[in-house]
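Novice:
Quick look at the structure:
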């Protein structure tokens with residue numbers, strides 16, 4: 026069932042992900058993330074008659090993006106400084122894990 030609080034948490038994680046992708050010039054995957062954000066935002070609209078349908082569609086879009094070979098799951102942030110690269114990718118993995126913790130429950 027659709028839960029507004031959970032959907033807002035999910036939206037927050039996708040917004041964090043989008044900022045990282047933009048900062049590190051990832052122009053391909055950011056489009057999919059923006060699509061997920063758009064679906065989640067629409068689920069909050071008073072004009073939306075079926076918020077759960079848009080929430081579910083957003084979650085399924087993420088699943089399609091992240092769970093196949095050559096997908097977003099293979100993406101990592103490159104940085105010349107090894108320690109910084111590790112830190113950035115740990116942050117990226119943390120965000121992706123938070124997203125999956127929510128998405129996997131539907």
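Residue numbers (the working numbering): 26 to 131. Heads up, the beta-carbon is just placed ideally off N, CA and C, and yes, glycines get one too.
1. Could you give the distance in angstroms between the alpha-carbon of residue 76 and the alpha-carbon of residue 91?
2. From residue 119 to residue 51, what does the alpha carbon distance come to, in whole angstroms?
3. What residue range does the alpha helix (DSSP H) around residue 103 cover?
4. Three or more C-beta pairs under 8 Å: does that hold for the stretch 106-117 against the stretch 80-89?
5. Judging by CA-CA distance, which residue of 98, 65 and 100 is the nearest neighbour of residue 39?
6. Using only CA atoms, which one of 46, 88 and 58 lies nearest to residue 128?
7. Using the beta-carbon count (16 or more within 10 Å), is residue 68 buried or exposed?
8. Does DSSP classify residue 84 as helix, strand or coil?
9. Does the Cβ of residue 107 have 16 or more other Cβ atoms within 10 Å, making it buried, or fewer, making it exposed?
10. Drop a sphere of 10 angstroms on the beta-carbon of residue 47, count the other beta-carbons inside from all chains shown, and report buried for 16 or more, exposed for fewer.
11. Run the CB neighbour count on residue 30, radius 10 Å, all protein chains shown included, and call it buried at 16 or more, exposed below.
Specialist: Taking the definition as stated:
1. 23 Å
2. 18 Å
3. Here residue 103 belongs to no alpha helix (DSSP H), and DSSP marks it neither H nor E.
4. no
5. 65
6. 88
7. buried
8. helix
9. exposed
10. Exposed, because fewer than 16 other Cβ atoms sit within 10 Å of the Cβ of residue 47.
11. Result: exposed.
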